[in-house]
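As structure tokens, the structure follows; a few thoughts come after it.
Residue numbers (the numbering used here), protein chains in the order written: chain A, 1 to 467; chain B, 468 to 936.
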């Protein structure tokens with residue numbers, strides 16, 4: 001046991017906080033020491049948490065009944081700055097508590113204890129989307145309190161002697177770490193039998209229920225949701241299926257067939273730390289389509305349950321290896337563009353645009369299905385797809401298998417909670433730079449993310465962990 | 468099963484045979500009908516500060532199932548420490564450690580943090596161990612596992628139903644650690660993130676010596692710039708430096724370095740000491756013209772010492788008494804509490820605490836076998852009463868607590884190995900304390916220390932301190 005423990009310690013070490021380096025602190029300058037009072041006390045608890053865990057942020061020892069700005073700042077792995085602001089007023093005791101007090105405006109308003117996280121937006125660069133590539137390290141968010149109600153991202157530190165504080169001076173700051181991986185979760189690269197993916201294993205001997213996790217047509221291999229699922233006790237395989245250099249080319253089409261997904265599901269089911277027969281599938285966008293296809297049209301594999309987020313029930317274009325031409329050129333009649341030139345993909349998945357033979361055989365659904373959709377989804381006609389699926393299942397007496405959830409004001413990219421969302425971002429740069437409109441307004445989208453995640457975890461728990 | 472044997476065996480078991488064993492185990496589990504397959508432990512938060520409470524929940528057990536929760540950690544010296552509690556799941560097959568009662572084990576009753584504070588060295592360990600973290604930049608890693616039945620040993624990897632891992636850190640993100648080697652002073656400075664200025668604490672441990680950083684790291688995680696000060700060195704070549712360091716000037720220099728730091732509010736400083744560190748703190752506060760703290764925390768300390776003389780002489784006089792006046796308990800652990808008893812009446816043999824001008828918090832363990840802390844606290848109260856500054860004194864006295872009152876949830880050692888300074892001989896000292904009562908004292912006193920520091924060092928802008936402790 002204790003020999004295993006040593007190996008465990010080493011793997012954990014990769015996930016622990018990095019070796020501390022001597023720094024001069026967060027702020028470059030320091031406050032003038034002639035001021036005889038201390039900085040206010042800003043606390044954020046817990047200071048290290050999983051991204052789906054809410055935290056308590058409070059400030060004490062402020063001057064009472066005065067305006068303050070609370071700010072969050074994060075640097076993405078590419079070094080881009082993301083920021084959010086909110087305006088508060090201290091009470092008679094000189095405190096601000098984000099889970100108690102209303103924001104008077106800024107990046108969000110109202111009672112929003114986690115607003116500083118979900119309302120983060122990129123500063124100065126357009127088309128960004130915040131996605132964690134290296135899941136064994138956290139995002140570090142700097143939370144600070146500034147005097148007055150300000151919006152500028154260039155707030156000065158310190159004060160002029162004899163003149164009191166400059167407007168918008170930083171009074172206090174703390175760092176919080178937001179993790180996708182809990183301690184003890186192990187990350188294993190999978191490159192066998194032609195698969196390209198990353199497996200995440202919870203701590204412990206298991207066996208565990210398992211999830212096959214897939215993203216959309218942006219391609220590549222995103223691991224963060226799978227890491228988070230493993231942190232909740234599911235063996236999770238994040239599976240790449242297009243747009244990855246280790247998969248058969250070309251990059252922007254899907255060049256793997258049903259066998260690929262059968263292999264992935266089989267590997268999961270047979271893994272020594274997975275409970276046989278307790279494998280579910282979770283997919284977003286085209287990943288949602290694939291999840292449905294696995295549940296409806298691949299008789300050799302039997303997922304125990306499926307979750308589809310913002311996913312279509314069929315496509316108006318052929319995405320398989322037979323496609324040799326640029327699909328955008330061929331199918332442009334199905335796209336629209338907004339006033340800024342951002343592409344709206346919805347048309348491809350509108351059931352009325354999808355030839356019947358491209359639609360999934362919904363009636364063949366063999367397991368419980370949870371479909372999540374956003375009412376302002378500009379990328380996928382998810383609501384219309386769910387409507388049709390619901391109708392077709394009802395016609396064969398399988399309505400009991402379907403749970404549908406939809407969110408007003410939310411956009412296409414329903415991601416783990418308390419993470420920033422964007423209405424538009426860069427979709428690809430080949431053959432030219434193209435920005436996609438995802439839709440959604442910040443606040444209702446954040447509500448959707450929080451609720452959808454809880455519902456997804458509950459659904460997976462119910463169907464995979466219990467009988 | 469003895470730990471030593473299993474440790475070697477486990478390395479071989481991990482690969483092919485272990486995997487085959489797991490497959491068999493997997494078939495057994497997945498043929499089990501009903502709830503009880505795929506039990507899950509969740510911990511919230513999974514990464515916390517050392518003084519943060521956690522919630523451990525075990526789900527998907529069978530209803531009314533007897534289980535044992537077990538914690539395991541490995542110290543920096545490679546010793547293993549463990550604790551365990553016996554629980555019964557509810558009708559839904561859930562155990563919540565923060566709400567349910569442990570029926571036995573290394574702790575019992577409703578004890579949300581029992582899996583940490585009741586840890587002891589595993590059977591077969593070397594004697595005289597004390598759990599101390601030297602490297603504060605990495606966390607303490609604790610494995611929590613759940614086993615079927617109410618067991619007291621055999622906590623093997625393969626037989627656990629589920630496992631989780633938690634990391635407990637002394638340093639919050641953004642706390643800045645700096646080595647201080649300045650003006651002859653040796654220490655480590657911890658500064659909270661942010662522009663400051665911050666109130667500050669000069670943090671002093673006891674006669675065991677060395678540079679102990681973890682309490683200062685934790686104080687900085689709560690908003691105090693803190694200087695962990697080394698004043699007795701273990702290093703052979705440092706003897707000349709070591710005897711120099713026991714002069715008032717050394718501590719005054721350290722205090723000034725802290726006070727002059729650009730991120731420190733120079734009029735918002737405190738001294739915090741444990742054991743001999745407390746004695747130094749009291750002495751400096753009364754007699755030094757340089758050290759002027761706004762408040763003072765003395766844990767397990769005494770005002771009894773030779774004054775009007777160097778600190779070294781005071782320390783050496785105490786050292787000379789050891790052989791003559793030490794008692795031992797049945798296990799040959801040394802009891803030092805009588806070395807300075809009875810409390811002297813002469814003015815030059817104790818710090819004149821009647822002259823203290825700032826609030827003083829005394830933390831007393833009533834079962835302190837190392838130092839007569841309770842008797843000293845009583846005498847200090849009498850002196851302050853007579854001098855008219857009694858209103859500055861707050862004494863927290865904990866029945867059943869021993870000498871080493873440390874930050875919360877750290878394991879308790881009733882006795883442990885100790886290196887005598889400067890003789891460099893190894894002895895075993897009796898610290899005292901009964902584990903449950905001592906752990907309560909650690910948790911409560913730490914909260915009260917933080918409240919006391921906040922009350923006296925963090926001042927609201929109109930200059931009025933918060934309500935009294």
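Backbone N, C-alpha and C fix where the C-beta goes; we use that ideal spot for every residue, glycine too.
Taking every protein chain shown into account, the CB of residue 134(A) has fewer than 16 other CB atoms within 10 angstroms, so this residue is exposed. Contact of residue 841(B) with chain A is not assigned, every C-beta pair being separated by 8 Å or more.
Under the DSSP assignment, residue 808(B) falls outside any beta strand (DSSP E); it carries neither an H nor an E label. At a cut-off of 8 Å between beta-carbon atoms, residue 926(B) makes contact with chain A.
Distance from the Cα of residue 532(B) is smallest, within the candidate group 617(B), 621(B), 791(B), 518(B), for 617(B).
For residue 43(A), the three-state secondary structure derived from DSSP is strand. Taking all protein chains in view, the Cβ of residue 92(A) is surrounded by fewer than 16 other Cβ atoms within 10 Å, so the residue is classified as exposed.
Contact holds between the segment 657-671 of chain B and the segment 687-696 of chain B, because three or more Cβ pairs, one in each stretch, are under 8 Å apart. Secondary structure of residue 63(A) (DSSP, three-state): coil. Residue 507(B) and residue 140(A) have their C-alpha atoms spaced approximately 28 Å apart. By the criterion of at least three beta-carbon pairs nearer than 8 Å, the segment 439-449 of chain A is in contact with the segment 408-426 of chain A.
Restricting attention to beta strand (DSSP E) runs no shorter than 3 residues, the segment 394-448 of chain A encloses them at 402-407, 424-428, 434-437, ordered along the chain. Of all residues in the segment 770-792 of chain B, none comes within less than 9 Å of chain A when Cβ atoms are compared. For the segment 42-54 of chain A, the set of residues with a beta-carbon nearer than 8 Å to any beta-carbon of chain B comprises 42, 43, 45, 46, 47, 48, 49, 50, 53, in chain order. Burial is judged here by how many other beta carbons sit within 10 angstroms of a residue's own beta carbon; residue 77(A) has fewer than 16 and is exposed. DSSP places residue 467(A) outside both helix and strand once states are collapsed to three, so it counts as coil. A Cβ-Cβ separation of about 5 Å places residue 150(A) in contact with residue 69(A) under the 8 Å criterion.
Partner residues in the beta bridge of residue 795(B), as assigned by DSSP, are 801(B). C-alpha of residue 791(B) to C-alpha of residue 802(B): approximately 12 Å in a straight line. Taking a C-beta distance under 8 Å as the contact criterion, residue 762(B) and residue 516(B) do not qualify as a contact pair. As computed with DSSP, residue 829(B) is found in a beta bridge with 765(B), 862(B). If you draw a 10 Å sphere on the C-beta of residue 873(B), you find 16 or more other C-beta atoms in it, and that means buried. Residue environment analysis places residue 356(A) among the exposed positions, since fewer than 16 neighbouring C-beta atoms fall within 10 angstroms of its C-beta.
Legend: CB atoms of the segment 684-697 of chain B lying less than 7 Å from CB atoms of chain A belong to residues 690.
Residue 811(B) is outside the set of residues whose beta carbon lies under 8 Å from a beta carbon in chain A.
Leaving aside the five residues that flank residue 392(A) on each side, the residues in its chain whose CB is nearer than 7 Å to its CB run, in chain order, 362, 363. For residue 290(A), the enclosing alpha helix (DSSP H) stretches over residues 286-297. Inter-segment contact for the segment 442-457 of chain A and the segment 385-399 of chain A is absent: fewer than three beta-carbon pairs are separated by less than 8 Å.
At a cut-off of 8 Å between beta-carbon atoms, residue 655(B) makes no contact with chain A. With a cut-off of 8 Å on Cβ pairs, the segment 220-233 of chain A is not in contact with the segment 288-307 of chain A, counting fewer than three such pairs.
In the displayed model, residue 630(B) falls within a strand according to three-state DSSP. Taking 7 Å as the Cβ-Cβ cut-off, the segment 61-76 of chain A approaches chain B at 61, 63, given in chain order.
Ranked by Cα distance from residue 202(A), the first of 213(A), 236(A), 172(A), 195(A) is 236(A).
Using a CB distance below 9 Å, the part of the segment 196-220 of chain A facing chain B consists of 202, 203, 204, 205, 206, 207, 208, 209, ordered along the chain. Cβ atoms of residue 195(A) and residue 263(A) come within 8 Å of each other, at about 6 Å.
Cβ neighbours of residue 804(B) within its own chain (closer than 7 Å, five residues either side excluded): 835, 836, 837, 838, 839.
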